[in-house]
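Residue numbers (the working numbering): 111 to 504. Some notes on the structure that comes next.
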Amino acid sequence: MKTTLNLFAALFVLPFLFIMFSCASEDAGGGNNIPVIRMDVSSAEKEYDITPLMDTSDIKIVPLETNQDCLIAEVSRIFVLNGHIYVFDKQTKGVYIFDMSGKYVNKVHSIGAGPGEYTDISDVFIDENNIFITDYYINRILVYGLDGHFVRDFKTEGFFSNMIFTSGDRLFSVNVSSKSNDGKTYQLFSSDKYGRNVEKYIPYNRDDIYTSVSGLYCYSASAGEVLFLTQTDDTVYRIKNGKVAPAYKLDFGDMHLPYELKSKNPLEMIRGGHMGRYVVSTDYVSSTHDLLFLGFHIGVDFYTAIYDKTSGTTTLAGKIFTKIPFNMTLRFIQDGCVVLSYNAFTINQSKAAILDKINDGRVFSGNFSSDLKNAVENINPHDNPVVLICKLKR
111 MKTTLNLFAA LFVLPFLFIM FSCASEDAGG GNNIPVIRMD VSSAEKEYDI TPLMDTSDIK
171 IVPLETNQDC LIAEVSRIFV LNGHIYVFDK QTKGVYIFDM SGKYVNKVHS IGAGPGEYTD
231 ISDVFIDENN IFITDYYINR ILVYGLDGHF VRDFKTEGFF SNMIFTSGDR LFSVNVSSKS
291 NDGKTYQLFS SDKYGRNVEK YIPYNRDDIY TSVSGLYCYS ASAGEVLFLT QTDDTVYRIK
351 NGKVAPAYKL DFGDMHLPYE LKSKNPLEMI RGGHMGRYVV STDYVSSTHD LLFLGFHIGV
411 DFYTAIYDKT SGTTTLAGKI FTKIPFNMTL RFIQDGCVVL SYNAFTINQS KAAILDKIND
471 GRVFSGNFSS DLKNAVENIN PHDNPVVLIC KLKR
């Protein structure tokens, strides 16, 4: 049994950990008085029904159109704004644009070395005005209009950009591990939206930390602010109106990873038996106006933390569920809505079981039930994903 668990960890957990560790701290003001989110895994609920958090009258199910111009292999991010759904597919190196009925509208898919072209997409962010694409390998950020037309691009001079987001009139770039010209490593940079007036935040010692952030979901843009998650000091930073300041401290109690272990690579962590003993990384952060959500692993076990910003209380669960016949996660929240995607092949494989739940009344009733039934009955294994958008009450 022990050998089986070690093999599982090596095959499945190890690849993710190579992008999950790290970061560091800088007191950007008020850091000593920020709320502490305490998470005691021993008191975690095995399952937790999140139905009371959901506005069940406002759930949309949107099958995305499938044609030769928009074949989606992998949903890396989804943005819902200005009456459109934008899907970033890292595997096909494209951003696909749909209307709210799922009809295909346009795409950004400009692979090359010329103006308006990129060699790879490291990350995508979409705000109320533009689509931003960062190509880390050629140190370039490209800007497109919301309809997909090319606007401009610029070199990332003096900073590094593995992931990007905007706050006010500033463009923020997340740096995984590259050293700056001054010999220091910074977790975060910002510039204006033309790459000028660069500022640096959150320095850390790269020799003490294995790598940098917990993948694409180390930040969450919602409710008029961005929350940015660091690993080295277990701090969530708030970025609002272009300003960066500590917002929350994470306390995992006895499961807290000692600082001296943060320099260990994943294989060393497995060999040392630390994987099932500590919270090695926090997988995601997301939030609404009243609630903050965190996801993290201890070994192969996954936990969701729901922190009430008003009361300061935390609910911890091994599994969250509701009357939707798919796996639930609170990983991606935008403007008070949970936005999820579900693979057509997986839905097709579970078609009979899903339809049974619908017919037995084990899903939310009303338009959602009928729309879901229609989507499931008509889906084909190689169709584009189905998008679910659910408004949260808080």
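Glycine residues also receive a C-beta, built at the ideal position from the N, C-alpha and C atoms. Model, not experiment: these values are computed from the prediction.
Straight-line gap, residue i to residue j (C-alpha atoms, nearest Å)
i: Ile-231; j: Phe-282; result: 16 Å
i: Pro-173; j: Thr-432; result: 20 Å
i: Glu-309; j: Gln-459; result: 49 Å
i: Leu-498; j: Ile-457; result: 13 Å
i: Asp-393; j: Phe-338; result: 12 Å
i: Lys-359; j: Phe-270; result: 26 Å
i: Tyr-196; j: Asn-477; result: 23 Å
i: Ala-463; j: Tyr-247; result: 44 Å
i: His-407; j: Val-389; result: 6 Å
i: Lys-156; j: Ile-182; result: 34 Å
i: Ala-415; j: Ser-152; result: 13 Å
i: Asp-257; j: Val-286; result: 30 Å
i: Asp-493; j: Lys-374; result: 42 Å
i: Met-385; j: Arg-441; result: 22 Å
i: Asp-168; j: Met-210; result: 14 Å
i: Lys-372; j: Ser-290; result: 21 Å
i: Lys-170; j: Cys-500; result: 6 Å
i: Gly-140; j: Val-146; result: Residue confidence is low: Gly-140 scores 44 on pLDDT, short of 50, so the model does not pin down where it sits. No coordinate-derived value is stated.
i: Asn-307; j: Lys-203; result: 29 Å
i: Phe-131; j: Tyr-369; result: Bear in mind that the predicted position of Phe-131 carries a pLDDT of just 38, short of 50, making it too unreliable to give a figure here.
i: Tyr-417; j: Gln-178; result: 43 Å
i: Met-164; j: Lys-503; result: 5 Å
i: Ser-397; j: Leu-450; result: 15 Å
i: Ala-154; j: Asp-361; result: 14 Å
i: Gly-268; j: Ser-220; result: 25 Å
i: Lys-419; j: Ala-357; result: 11 Å
i: Ile-144; j: Gln-201; result: 39 Å
i: His-399; j: Tyr-329; result: 16 Å
i: Ser-301; j: Asp-279; result: 9 Å
i: Ser-332; j: Leu-377; result: 35 Å
Per-residue DSSP class, three states only, for residue i
i: Asp-481; result: helix
i: Gln-459; result: helix
i: Ser-161; result: A small fix is needed here, since residue 161 is Thr in this sequence, not Ser. Three-state DSSP puts Thr-161 in a helix.
i: Leu-465; result: helix
i: Ser-167; result: strand
i: Ile-144; result: coil
i: Pro-495; result: coil
i: Asn-192; result: coil
i: Asp-230; result: coil
i: Asp-364; result: helix
i: Glu-370; result: helix
i: Tyr-347; result: strand
i: Leu-181; result: coil
i: Val-389; result: strand
Sequence-distant residues of the same chain with beta carbon closer than 6 Å to residue i, five excluded per side
i: Pro-162; result: none
i: Gly-455; result: It should be pointed out that residue 455 corresponds to Phe in this sequence rather than to Gly. If we look at Phe-455 and ignore the five residues flanking it on each side, its Cβ neighbours are Pro-491.
i: Asp-233; result: Thr-244, Met-273 and Ile-274
i: Ser-277; result: Val-336, Ile-349 and Gly-352
i: Asp-150; result: Gly-363
i: Ala-138; result: The predicted model places Ala-138 with a pLDDT of 40, which falls under 50 and marks its position as unreliable; any figure quoted below should be read in that light. Counting only Cβ-Cβ distances below 6 Å, and skipping sequence neighbours, we find Val-354 and Ala-355.
i: Phe-260; result: Gly-226 and Tyr-254
i: Asp-481; result: Ile-171
i: Lys-429; result: Glu-157
i: Asp-263; result: Arg-250 and Leu-252
Spatial neighbours of residue i in its chain, beta-carbon cut-off 7 Å, leaving aside the 5 residues before and after
i: Asp-159; result: Phe-431 and Thr-432
i: Ile-207; result: His-194, Tyr-196, Val-215, Asn-216, Lys-217 and Gly-258
i: Asp-237; result: Thr-276
i: Val-185; result: Val-197, Asp-199, Ser-451 and Pro-495
i: Thr-166; result: Phe-474
Chain C within 8 Å of residue i, Cβ atoms only
i: Asp-481; result: Absence of chain C from the displayed structure is noted, only one protein chain being present.
Start and end residues, beta strand (DSSP E) containing residue i
i: Pro-356; result: 353-361
i: Pro-435; result: Note, Pro-435: premise wrong, no beta strand (DSSP E); not H, not E.
i: Glu-175; result: From DSSP, Glu-175 is part of no beta strand (DSSP E); its letter is neither H nor E.
i: Ile-241; result: 240-245
i: Tyr-214; result: 214-218
i: Cys-447; result: 447-452
i: Gly-305; result: Per DSSP, Gly-305 belongs to no beta strand (DSSP E) and is neither H nor E.
i: Asp-411; result: 411-418
i: Arg-280; result: 280-284
i: Ala-154; result: Unbroken run through Ala-154: none, as it is neither H nor E.
i: Tyr-394; result: 392-397
i: Gly-255; result: 250-255
Residues near residue i by beta carbon distance below 8 Å, same chain, minus five either side
i: Val-486; result: Ile-457, Lys-461, Ile-464, Leu-465 and Ile-468
i: Asn-488; result: Pro-173
The alpha helix (DSSP H) enclosing residue i, as first and last residue numbers
i: Pro-376; result: 376-381
Fill in: Cβ contact (3+ pairs, closer than 8 Å) linking the stretch 409-418 and the stretch 342-355
no
Discussion item. When you compare the stretch 460-474 with the stretch 420-430, are there three or more beta-carbon pairs, one atom per stretch, that lie closer than 8 Å?
Written reply: No, the stretch 460-474 is not in contact with the stretch 420-430.
Practice prompt. Report yes or no: do three or more beta-carbon pairs, one from the stretch 434-444 and one from the stretch 380-392, lie closer than 8 Å?
Written response: no
Practice prompt. May I ask you to verify whether the stretch 181-197 touches the stretch 395-408, counting CB pairs closer than 8 Å and requiring at least 3?
Written response: Judged by Cβ distances under 8 Å, the stretch 181-197 makes no contact with the stretch 395-408, as fewer than three pairs qualify.
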